[in-house]
Amino acid sequence: MKTLIELSQAQAEALEHYCQSGHLTPAEVVSLALAQFLSQAVKPTRSLQQHRAFGHWQSKHQDGRQT
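Residue numbers for the sequence shown follow our numbering, so the first one is 10 and each next one is one higher.
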């Protein structure tokens, strides 16, 4: 089974060290790994920023309608 997140060897060793040393729980290790992966994989594009801006504008201009 292929893993969703592929870490570099150094990242994997560091996370394993923190988990084994008791500094972090396994859940915290997974959260850190996921955050690291997402920060590398997701680079905000101009269109994404425009979409967020439109969503913000739209939420301010709903003419009193509840969603």
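Just so it is clear, CB atoms sit at the ideal spot from N, CA and C, and this is done for glycine as well.
In this structure, Leu24 lies near Leu41, with their beta-carbon atoms less than 8 Å apart. In this structure, DSSP gives Ser48 a helical state, which the three-state scheme calls helix.
Gln20 and Val38 have their C-alpha atoms spaced approximately 11 Å apart. Distance between His26 and Ala44, taken at the CA atoms: about 18 Å.
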